[in-house]
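Visitor: Attaching a single structure in structure tokens format; questions to follow.
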Amino acid sequence: MRVILEVLKGPRSGRTFTFDRHDTFIVGRSQFVHCPINDAALSRDHFLIEINPPRCEVRDLDSTNGTFVNNERIDRVRLASGDVIAAGQSLFRITVEPKAPSSAPPPSSSVAIPAREPIACAGCGTPAPMSITVGSVAGAGPNEPVEWWCSACRSEASGLPQPVPHYTTVRELGRGAMGVVYQARHNASGKMVALKLIMPETATTRAAIDRFQREMSVISQLRHPNIVEWYEQGTSRGQFWFAMEFVQGPNLEALAKMAPGRYPTDQACRLVCQILKGLAEAHRRGFVHRDIKPENILIDQSAEGSVAKISDFGLAKSFRGVGLSGLTFSGEMRGTIPFMPPEQMTDFKTVRPQADLYATAATLYFLLTAKYIYDEPEGGDDLIKMLLEDQPIPILDRRPDVPPGLAAVIGKCLSRDPEQRYPDATAMRKALKPFCNIGT
């Protein structure tokens, strides 16, 4: 399964772009977008397409002259095969191919499997809609068993008082775009854990479930004092569950809001240096987090003081990678984009360790100011435009008492060009250590 975007008319007429996995694609005048077009009628960042084959969606990025689908001006709309997008002088046509012409198996993606047997809800037997898409992986056949849960059964499963065998939930810790987290007790050992539950947004094949769990098993082997430890994982009533180290303290978002704009500089730098220790180990082993933000940094206490721990390593990437998340930016946008480096939006598939350094600097900025590096706009599409076009507000404009040298370190890490940031987490940590007052 793949999606093809053809340029039918305009300065880039004849170009074809092909997508066989989850990706984003931006059109506009800017040299930094995927399809730059020299057309005065286009805005710098005109429209964005999010693709997760066979699903794709286009959204106008608050352009001056508008984006049109089949001659109707749109803000955001789901696309179908044959739809024509118009922007400025250019026309683009979307084609959804049911199968790649090559004999080689397609990469992992969310694919429409022509089910020989009808798909029905595993909980109540309700037939799935004909348009259902299935999270699958390379080599999955049309007769592979598929699991799907209807919205009613999904709601029921998420509301069960004891949703996972062998664990007893104590209280809910939080809900986010990907799922819910509980404090829970392991029945056999009595050990307290954080129990995270995620419900796939698509139907799933056994192969997709197995691959996702294999990837998470590899990531769970990360062992470091500044990374939340993963204990075990499984599935229950269509939900993925993960038992992780339970951290008593708040996350950095809550910490920043306890003393907005007044959090001590030296303490903030010590916590961020600990984050960078964890990232250095993860990067050394080939893992990039891709979603560092205050919400994902938990604070524990030890005899030596506060300990920062990175949570959710690799979770979002692996979940998307096997097509289980549908089209995700709409759900995750507001909490993630203020900490996302620009290159993660324009090069969704290839993210390097420098992306984590940018996000860590944006997290430090938030801890010190209780504000994002940008003035937050109201709409989700404006957030994307902000990320692509705006320069971060200098931290000294938010908090003048920040040492100028520290402001320079933060500014370097927030460079739009990854090559202008520090080369690795260890170098960034070395630059921050003078502002910690004590060694970390």
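In this note's numbering, the protein residues as written are 1 to 440. Just so you know, even glycine gets a beta-carbon here, dropped at the ideal spot from N, CA and C.
1) Would you report the Cα separation of G14 and L91, rounded to the nearest angstrom?
2) Could you say which of P423, S415 and Y365 lies nearest to R398 if we only look at CA atoms?
3) Going by the beta-carbon positions, is the gap between P434 and L414 smaller than 8 Å?
4) According to DSSP, is M428 helix, strand or coil?
5) If you check the beta carbons only, do R59 and L48 fall under 8 Å apart?
6) If you draw a straight line from the alpha carbon of A427 to that of A280, how long is it in whole angstroms?
7) Let me know if G234 comes out buried or exposed under the rule of 16 or more other beta-carbons within 10 Å of its beta-carbon.
8) Ignore the nearest five residues each way along the sequence and tell me which others in V218's own chain have a CB closer than 6 Å to its CB.
9) In chain order, what residues of the same chain lie with their CB nearer than 6 Å to the CB of R171, ignoring the 5 residues before and after it?
10) Of the choices R93, D23, T18 and F32, whose alpha-carbon is the least far from that of G10?
11) Smallest Cα separation from D356: which of P394, A122 and R416?
12) In its own chain, which residues sit with a C-beta less than 6 Å from the C-beta of D424, not counting the 5 before and 5 after it?
13) So if DSSP puts L279 in a beta bridge, which residue, or which two residues, is it bridged to?
14) Between C436 and the rest of its own chain, which residues show a CB-CB distance below 8 Å, the 5 nearest in sequence each way excluded?
15) How about I37 and R12: do their beta carbons lie closer than 8 Å?
16) Using the Cβ count rule (16 or more neighbours within 10 Å means buried), how would you classify S63?
17) The beta strand (DSSP E) that contains T346, what's its start and end?
18) Grouping DSSP H, G and I as helix and E and B as strand, with all else coil, what is T64?
19) Distance, Cα to Cα, A243 vs A194?
20) Below 8 Å CB to CB, which residues in the same chain sit around R154 once its five sequence neighbours on both sides are set aside?
21) Can the beta-carbon of G28 be found closer than 8 Å to that of N65?
22) Which of the three DSSP states, helix, strand or coil, is assigned to K412?
23) What's the C-alpha gap between R429 and I373?
24) Tell me where the alpha helix (DSSP H) around R211 begins and ends.
25) Helix, strand or coil: which one does DSSP assign to K95?
26) Could you tell me how far apart the beta carbons of V228 and K309 are, in whole angstroms, since I believe they sit closer than 8 Å?
27) According to DSSP, is T169 part of a helix, a strand, or is it coil?
28) Skipping 5 residues on each side, what residues in its chain have a beta carbon closer than 8 Å to that of N187?
29) Could you check the C-alpha separation between R206 and G174 for me, to the nearest Å?
30) To the nearest angstrom, how far is it from the Cα of S236 to the Cα of P404?
31) Take the Cβ of A359 as the centre, count every other Cβ of all protein chains shown within 10 Å, and call the residue buried at 16 or more, exposed below.
32) Classify D397 as helix, strand or coil using the three-state DSSP reduction.
Guide: In short:
1) In the sequence shown, the residue the question calls residue 14 occupies position 14. In the sequence shown, the residue the question calls residue 91 occupies position 91. So the two alpha carbons sit approximately 11 Å from each other.
2) Here the question's residue 398 lines up with position 398 in the sequence shown. Of P423, S415 and Y365, the residue nearest in Cα terms is Y365.
3) Counting from one through the sequence shown, the residue named residue 434 turns up at place 434. Counting from one through the sequence shown, the residue named residue 414 turns up at place 414. Against a cut-off of 8 Å, the Cβ pair of L414 and P434 comes out as no contact.
4) On the sequence shown, position 428 is the one that residue 428 refers to. When DSSP states are grouped into helix, strand and coil, M428 belongs to the helix group.
5) Position 59 of the sequence shown, counted from the first residue, corresponds to residue 59. Position 48 of the sequence shown, counted from the first residue, corresponds to residue 48. For R59 and L48, yes; Cβs fall inside 8 Å.
6) Taking the first residue of the sequence shown as position 1, residue 427 is located at position 427. Taking the first residue of the sequence shown as position 1, residue 280 is located at position 280. A direct Cα-Cα distance of roughly 10 Å separates A427 from A280.
7) The residue given as residue 234 occupies position 234 in the sequence shown. G234 comes out exposed.
8) Numbered from 1 along the sequence shown, position 218 holds the residue referred to as residue 218. There are no such residues.
9) Mapped onto the sequence shown, residue 171 falls at position 171. If you ignore the 5 residues before and after R171, its C-beta comes within less than 6 Å of the C-beta of Q183, all in its own chain and listed in chain order.
10) Mapped onto the sequence shown, residue 10 falls at position 10. The shortest C-alpha separation from G10 is found at R93.
11) Residue 356 sits at position 356 when you count from the first residue of the sequence shown. If we check each option's Cα against that of D356, R416 comes out closest.
12) Along the sequence shown, one-based indexing puts residue 424 at 424. If we look at D424 and ignore the five residues flanking it on each side, it has no Cβ neighbours.
13) Numbered from 1 along the sequence shown, position 279 holds the residue referred to as residue 279. DSSP, once it has assigned bridges, lists no residue as partnering L279.
14) In the sequence shown, counting from the first residue as 1, residue 436 sits at position 436. So the list reads D266, C269, R270 and C273, once near-sequence residues are dropped.
15) Counting from 1 along the sequence shown, the entry for residue 37 is found at position 37. Counting from 1 along the sequence shown, the entry for residue 12 is found at position 12. Contact flag set, yes.
16) For the purposes of this step, residue 63 is taken as residue 63 along the sequence shown, with counting starting at 1. With 16 or more other Cβ atoms within 10 Å, it is buried.
17) If you number the sequence shown from 1, residue 346 lands on position 346. Annotation: T346 is outside any beta strand (DSSP E); the continuous alpha helix (DSSP H) that includes it extends over P342 to T346.
18) Counting from 1 along the sequence shown, the entry for residue 64 is found at position 64. T64 sits in coil when the DSSP states are folded into three classes, being neither helix nor strand.
19) Taking the sequence shown and counting its residues from 1, the one referred to as residue 243 is at position 243. Taking the sequence shown and counting its residues from 1, the one referred to as residue 194 is at position 194. Rounded to whole angstroms, A243 and A194 show a C-alpha spacing of 6 Å.
20) Here residue 154 refers to the residue found at position 154 when the sequence shown is read from its first residue. Closer than 8 Å at Cβ, skipping near neighbours: M199 and G238.
21) By one-based count along the sequence shown, residue 28 stands at place 28. By one-based count along the sequence shown, residue 65 stands at place 65. In terms of Cβ geometry, G28 and N65 do not form a close pair [threshold 8 Å].
22) Taking the first residue of the sequence shown as 1, we reach residue 412 at position 412. In the three-state DSSP reduction, K412 falls in the helix class (H, G or I).
23) Position 429 of the sequence shown, counted from the start, is the residue given in the question as residue 429. Position 373 of the sequence shown, counted from the start, is the residue given in the question as residue 373. Taking the straight line from one Cα to the other gives about 20 Å.
24) Walking along the sequence shown from the start, residue 211 turns up at place 211. First-last of the alpha helix (DSSP H) with R211: R206 to I219.
25) Taking the first residue of the sequence shown as 1, we reach residue 95 at position 95. Here the sequence assigns Thr to residue 95, which means Lys is not the residue at that position. Under the three-state reduction of DSSP output, T95 falls in the strand class.
26) Within the sequence shown, the letter at position 228 stands for residue 228. Within the sequence shown, the letter at position 309 stands for residue 309. The pair is a contact, with the Cβ atoms about 5 Å apart (cut-off 8 Å).
27) Along the sequence shown, read from residue 1 onward, the residue named residue 169 stands at position 169. Correct three-state label for T169: strand.
28) In the sequence shown, counting from the first residue as 1, residue 187 sits at position 187. Closer than 8 Å at Cβ, skipping near neighbours: H166, Y167 and T168.
29) Here residue 206 refers to the residue found at position 206 when the sequence shown is read from its first residue. Here residue 174 refers to the residue found at position 174 when the sequence shown is read from its first residue. Linking R206 to G174 through their CA atoms gives a straight-line distance of about 29 Å.
30) By 1-based counting over the sequence shown, the position of residue 236 is 236. By 1-based counting over the sequence shown, the position of residue 404 is 404. Taking the straight line joining both Cα atoms gives about 52 Å.
31) Sequence index remark: in the sequence shown, residue 359 carries index 359 (1-based). Sixteen is the threshold: when 16 or more other Cβ atoms of the shown chains lie within 10 Å of the Cβ of A359, as they do, the residue is buried.
32) As a position in the sequence shown, residue 397 is number 397, starting the count at 1. In this structure, D397 counts as helix in the three-state DSSP scheme.
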